[in-house]
Amino acid sequence: MSELLKQHIFKNGLNLGAILVFITISTYLGGPELVTNYTVSFGSLLVMIVFPIYHTRKFRIQSNGFISFKQAFTSCTGILIAAGFINVAASILLYNVIDPAFAIEMLDVVINKMVSQLESLGMNESQIEESIKALEESSSFDPISLFKGYLFSIIFYTLFGLLVAAFTKNENPEFSE
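Here the sequence shown stands for residues 1022 to 1198, numbered as in this note's numbering.
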């Protein structure tokens, strides 16, 4: 990997990570209802899609309009992996060191939101209780669970990187006239 590509990944991964941490802190300050807001989640997802695409294309422009599949894949995936690591580290600090009670508050809001949605779908009380129990067992903000979630996200980062690389690559011809 070229030094230029390493710097590109480091700089943009750090920038995207800072944006994601800013979103995480902003939603934390807004309260548990804001953390569970679909609009905020969609906005974060949109940032995580647009940012690496934009900066991978920008790297191609800096490379005289040429970027190999490998470079495009490494750029996009590297940015996402670096940013994801920064965000999960900040989340571990927030939910386990700074304010562990906030994770419990978030879970309560998620459960209340889920109960109202399930009731509107006409589910009976026992089905709703089963769903609550399953959610409580699977929702955990402990460091190991957050890190496992990050490792699972790397699979999606990789698939997304492959897709972006396929559309972004522009190989430098071997022999040009």
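Beta carbons are placed, not taken as given, at the ideal position from N, Cα and C, and that holds for glycine.
Bridge partner(s) assigned by DSSP for N1191: Checking the DSSP bridge columns, you'll see N1191 partnered with I1088.
Three-state class that DSSP yields for N1117 in the structure shown: Here N1117 sits in helix by DSSP.
Beta-carbon proximity check, G1182 vs T1098, cutoff 8 angstroms: Yes.
Nearest-angstrom Cα separation, counted from A1110 out to M1069: M1069 and A1110: Cα-Cα distance of roughly 17 angstroms.
Cβ-Cβ distance between T1057 and K1134 below 8 angstroms: Yes, they are a contact pair.
Span of the alpha helix (DSSP H), counted from its first residue to its last, around G1038: Annotation for G1038: the continuous alpha helix (DSSP H) segment containing it runs E1024 to G1051.
Between the CA atoms of L1025 and V1131 - distance to the nearest angstrom: Cα-Cα distance, rounded: 43 angstroms.
Integer Cβ distance of T1189 from I1100, believed to fall under 8 angstroms: With 8 angstroms as the limit, T1189 and I1100 do not qualify as a contact, their Cβ atoms being about 13 angstroms apart.
Every unbroken alpha helix (DSSP H) within the stretch 1097–1169, with a cutoff of 4 residues, ordered by chain: Qualifying alpha helix (DSSP H) stretches, in chain order: 1121–1141 and 1146–1159.
Close beta carbons around I1107, own chain, < 6 angstroms, minus the five adjacent residues each side: The beta carbon of I1107 sits closer than 6 angstroms to those of G1038, all from its chain and outside the five residues before and after it, given in chain order.
Where T1057 sits in the DSSP three-state scheme: Correct three-state label for T1057: coil.
Exposed unless 16 or more other CB atoms sit within 10 angstroms - verdict on P1073: Flag for P1073 reads buried.
Cβ-Cβ separation, I1030 to F1096 (assumed contact under 8 angstroms), whole Å: Note on identity: in this sequence residue 1096 is Ser, with Phe being the wrong assignment. At roughly 6 angstroms, the Cβ-Cβ gap stays under 8 angstroms, so S1096 and I1030 are in contact.
Proximity below 8 angstroms, CB of G1052 to CB of A1103: Result no, Cβ atoms of G1052 and A1103 do not sit closer than 8 angstroms.
Nearest-angstrom Cβ-Cβ length linking P1194 and I1113, presumed shorter than 8 angstroms: Rounded, the Cβ-Cβ distance is 47 angstroms, inconsistent with contact.
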